[in-house]
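Numbering (our numbering), first residue to last: 58 to 229.
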Amino acid sequence: MNWTDERVELLRKLWSEGLSASQIAAQLGGVSRNAVIGKVHRLKLSSRGRATAAPARQKKTTTASTATKTVQRTATVTRTVTASIGATALQAQFDVEPVARHYIRPVENVVVPISRRLQLVQLNERTCKWPNGDPLSEDFNFCGNEAGESGPYCGYHSKIAFQPASERRRSR
DNA sequence: CCCTGATTCGC
DNA sequence: GCGAATCAGG
Numbered sequence: 058m059n060w061t062d063e064r065v066e067l068l069r070k071l072w073s074e075g076l077s078a079s080q081i082a083a084q085l086g087g088v089s090r091n092a093v094i095g096k097v098h099r100l101k102l103s104s105r106g107r108a109t110a111a112p113a114r115q116k117k118t119t120t121a122s123t124a125t126k127t128v129q130r131t132a133t134v135t136r137t138v139t140a141s142i143g144a145t146a147l148q149a150q151f152d153v154e155p156v157a158r159h160y161i162r163p164v165e166n167v168v169v170p171i172s173r174r175l176q177l178v179q180l181n182e183r184t185c186k187w188p189n190g191d192p193l194s195e196d197f198n199f200c201g202n203e204a205g206e207s208g209p210y211c212g213y214h215s216k217i218a219f220q221p222a223s224e225r226r227r228s229r
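Written as structure tokens, this is what we have:
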């Protein structure tokens, strides 16, 4: 894959919107997370919102380490974190979300486990993808508890999601 | 272990 | 210029 103008433009857009490098890579397709990061640096549009304050790294010194005390202090940029997680970013991920719809019915006599209340973008392949709340609401989140490899949900939510047909019919 | 971005360096 | 490898941190 080569960096066409359009791809670079999209990269810029997504990066400025706060998406992580891996997410941008996934959306662009054909490139790795590292490729995205590398490109971002080359475009000189590194810092954004806040992710990992550049701690001025220094290892892998191949060339003679001429004790150059390059105490290059990166200006202490006083930046107010723009904590607004773009709605665009959210939409971008929806087409990847496997769990589309649930016919959630009230399940009584059960204690709902403490959810980790993860954001959509924080889900892994092994985090419970049970949605909590209204997808259009600000506090929409996912259970996020350990789901293992047996399914998309944690033990508790699996029971709700995969209710026997007989029981389900009753509540319907 | 999962993830994040940052940097280096061979290509 | 590109991006895998590697590093540092959460």
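Ideal Cβ placement from N, Cα and C applies to all residues, glycine included.
Coil, strand or helix - residue i by DSSP
i: Asn59; result: coil
i: Leu102; result: coil
i: Ser89; result: coil
i: Arg69; result: helix
i: Gly75; result: coil
Beta-carbon gap between residue i and residue j smaller than 7 angstroms
i: Pro188; j: Phe199; result: yes
i: Val88; j: Trp72; result: no
Cα-Cα separation, residue i to residue j
i: Ala78; j: Leu67; result: 12 angstroms
i: Thr230; j: Leu100; result: Outside the modelled stretch of the chain, which goes from 58 to 229, sits residue 230, for which no answer is possible.
i: His214; j: Cys185; result: 8 angstroms
i: Ala83; j: Gly190; result: 26 angstroms
i: Glu63; j: Arg90; result: 18 angstroms
i: Gly86; j: Ile94; result: 14 angstroms
i: Val65; j: Ala92; result: 12 angstroms
i: Phe197; j: Leu76; result: 18 angstroms
i: Ser103; j: Glu74; result: 13 angstroms
i: Met58; j: Ile81; result: 14 angstroms
i: Ala218; j: Gly201; result: 15 angstroms
Counterpart residues of residue i in DSSP-defined beta bridges
i: Pro188; result: Phe199
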